[in-house]
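To start, the structure under review is shown below, and the notes come after it.
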Amino acid sequence: MNITIEKILEFNDLFPEEKEIDISSVLKKYSKKDLMLSCNVLSHNYGRAYIPDKNNTFFSSHSEKHLEDLNNRFEQLTKISGQKIFCYCTTKTSLELMRIIFSIPINEYKNDGDIEDFEYDLFRVILQINENLMSFKSSNKYDLATLSFLNFFIMNDISGQDVRDVFIRQVQYYSVLSDFIETYQDCTIAKESFYKNVGITKMSDYAKTWLALFTLEFEYQKKQGKGCPILDLNRLQDVDDTLNIGVLDFLSINLNEHIPYNNTKIKNRDNNVDYRVFRSRPLIKIDDNKYIIYCFPILVERLYNSLFFDLKDSFKDGFNFYNKDFVEKVLFQPQVLQCLNEKITSKIYPSREMILCGDKIKEEDNQPDFYLRENDNLILFECKAIRINGELKDKSDIDELLSILKNKLYCSKENIDKSRGKKKKAEQVGVTQLVHQMKIIDIDSFKWDNNIPDEVAYYPVIVLEDPRFVVPGLSYIINSWYQSLIEQELPEQMCHPIVVMSIDMLMLYSHIFKAEGFHNVFNKYFKQVVCYSANGVTWTFDPLADFNVFMQEKYKLSPQKKEQLFEIYRKTLGI
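Last residue of the sequence shown: 575 (the UniProt record's numbering), numbering continuous.
What follows is the structure, encoded as structure tokens:
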């Protein structure tokens, strides 16, 4: 795995003699619509934008009076830094700019700024946004793994993914969820509420509109068009009637809408923390029947990722219902069944019949989410659908982020509802669940398999629903918690490191697991990232090890296979 670290151009790099600028004050000089359309051009045509770039120049002839000074500054910066090219705008930069634009009430836009200053002011605002985005909080010094996780999870969760891969995953997950919503009795109220809010009669109305939007934007980007594309229903020939106006409006922000956002004082769920409103509504309605898509990655993730938040308020305990009844029992467990190598699989629990019966079966204390024995190799799975508060991501506080992560994947001491304070009794989750199950096996008290051999090897696995968490650094963090625990609890046992993976790996590579067996695939991974001591029990772990990356590199899908999958899943939604 190769990782490239790139310095993003910040305001202080180019204007070292100036203080931080007041972004809102600068933006208020201009028209909200002009700013929004310019931001949309940035998002569409630049993405990761560089200076100099003759094919995508930021400044036009309108900015001529500023160019000499800017050229001198870049020349000086080049001498100091040794760089010849600078990245000045990312997908997240333009999204952050859009968030600030919508946070200013429409009546505060004066529209009295000079056209000669517009691009120059906008460029300076972009650099100041970069500087603000690169600000992190921490009272401690952290290792490479922690800093890597922070960078991937906070900075690149929007822009750091291949759009085809995200599309395939969204359709895979959504196909299971939509069937669950439409057929599972306990989802009836949530389903009817969603239909009413969106103005549809079936889930496919929502999915087809999303797919039509995706296709229009995807084809536009393939053509590398310039400008700001507008979806005009008055001119567009929608012969297949795929664009449902009710869905379009449900997914839209009105151009003049005010979406409050305050970095320092966030009290309201409606505030746009972690781009919450944007993730829910990836369109801007600029006129009757006229819309723009302002961030393609946000649109792509809307199909499945945001649907939970549309539905959750209709359930008594939305998070628990979603985590246990859907993610664990419907999304995860049936998928493991597709991966089993029958030749070496000696025992599974829950059984195939229990998983596929569709009835609620009460889970017993200490029961693993999935248990699998391949000969004398014991594979214990814990599946988690975790969420990180958007406010925490915006704050970029490393210390608090690690604390929350440990609460969700190691030992739960805090309630999700902060007003309830700490739990009276800490709850085993993730790592501690797995170690406890291994201890039960070690003392021959594991009730779900009565024929475990005396000599076994443990393969603990944490499976996360959301692949955005499974990034370089996370596996090392989790295994650092785990290793100190097993040294105390199971000092003489062959406990392999915890494999951290996402559910989509089970979907994409089911044929690999089925052919080779889980423990054989895991052993190949460990051979690359783990150094075992002479006694074969203790080990050290690569700080940047990542099982998802390993699978993508070891069993790399050809471009033709990826394109084939892409087209298959486009057809899955019925278009």
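Glycine included, every Cβ here is placed at the ideal spot set by N, Cα and C.
Being a predicted model, the structure only gives us computed values, none of them experimental.
Beta-bridge partners assigned by DSSP to residue 56: none are found. When 322, 347, 210 are compared, the shortest CA-CA separation from residue 301 is found for 210.
Using a Cβ distance threshold of 8 Å, residue 490 and residue 438 count as a contacting pair. DSSP links residue 464 through a beta bridge to 384, 502. Cβ neighbours of residue 460 within its own chain (closer than 6 Å, five residues either side excluded): 380, 434, 498.
Secondary structure of residue 378 (DSSP, three-state): strand. Contact between the stretch 291-308 and the stretch 140-156 is absent: fewer than three C-beta pairs spanning the two stretches fall below 8 Å.
Considering only 512, 508, 476, the residue with the shortest C-alpha distance to residue 431 is 476. Secondary structure remark: continuous alpha helix (DSSP H) runs of at least 4 residues inside the stretch 342-368, in chain order: 352-356. When DSSP states are grouped into helix, strand and coil, residue 142 belongs to the coil group. Taking the Cβ atoms as the reference, residue 206 lies roughly 6 Å from residue 247, within the contact range of under 8 Å.
When C-beta atoms of the stretch 498-513 are compared with those of the stretch 438-448, fewer than three pairs fall below 8 Å, so the two segments do not count as touching. In the three-state reduction of the DSSP assignment, residue 446 falls in the coil class, being assigned neither a helical nor a strand state.
Taking 8 Å as the cut-off, the Cβ atoms of residue 80 and residue 35 do not count as close. Here the alpha carbons of residue 560 and residue 113 stand approximately 51 Å from one another. Residue ranges of uninterrupted alpha helix (DSSP H) with 4 or more members, entirely inside the stretch 270-350 and ordered along the chain, are 276-280, 296-305, 307-311, 333-337. By the Cβ criterion, the stretch 384-394 is in contact with the stretch 320-328, since at least three pairs of Cβ atoms, one from each stretch, lie closer than 8 Å. Scanning 450, 555, 5 for the CA closest to the CA of residue 347 turns up 450. With a 10 Å radius around the Cβ and a threshold of 16 neighbouring Cβ atoms, residue 144 comes out exposed. For residue 451, no beta strand (DSSP E) segment is defined, and its DSSP state is neither H nor E.
In this structure, residue 352 places its C-beta atom within 8 Å of the C-beta atom of residue 337. Assigned with DSSP and collapsed to three states, residue 397 falls in strand. Taking all protein chains in view, the Cβ of residue 473 is crowded by 16 or more other Cβ atoms within 10 Å, so the residue is classified as buried.
Within the same chain, and ignoring the five residues on either side of residue 77 in sequence, the residues whose Cβ sits closer than 8 Å to its Cβ are 13, 14, 83, 86. Under DSSP, the beta-bridge partners assigned to residue 412 are 427.
Looking at 5, 428, 166, the one whose alpha-carbon comes closest to that of residue 467 is 166. Across the structure, residue 121 and residue 70 are spaced so that their CA atoms are roughly 12 Å apart. Cβ neighbours of residue 94 within its own chain (closer than 7 Å, five residues either side excluded): 39, 42, 43. If you check the CB distance, residue 500 and residue 462 come in under 8 Å. Uninterrupted alpha helix (DSSP H) stretches at least 4 residues long and entirely within the stretch 7-90 occur at 11-14, 23-27, 32-45, 64-81, given in chain order. In the DSSP assignment, residue 253 falls within the beta strand (DSSP E) that extends over 252-254. The continuous alpha helix (DSSP H) containing residue 194 extends over residues 188-198. Around the CB of residue 105, fewer than 16 other CB atoms lie within 10 Å, so the residue is classed as exposed. By the 16-neighbour rule on beta-carbons within 10 angstroms, residue 135 is exposed. The C-alpha of residue 33 is placed about 14 Å away from the C-alpha of residue 293.
Contact between the stretch 307-318 and the stretch 182-198 is present, with at least three C-beta pairs closer than 8 Å.
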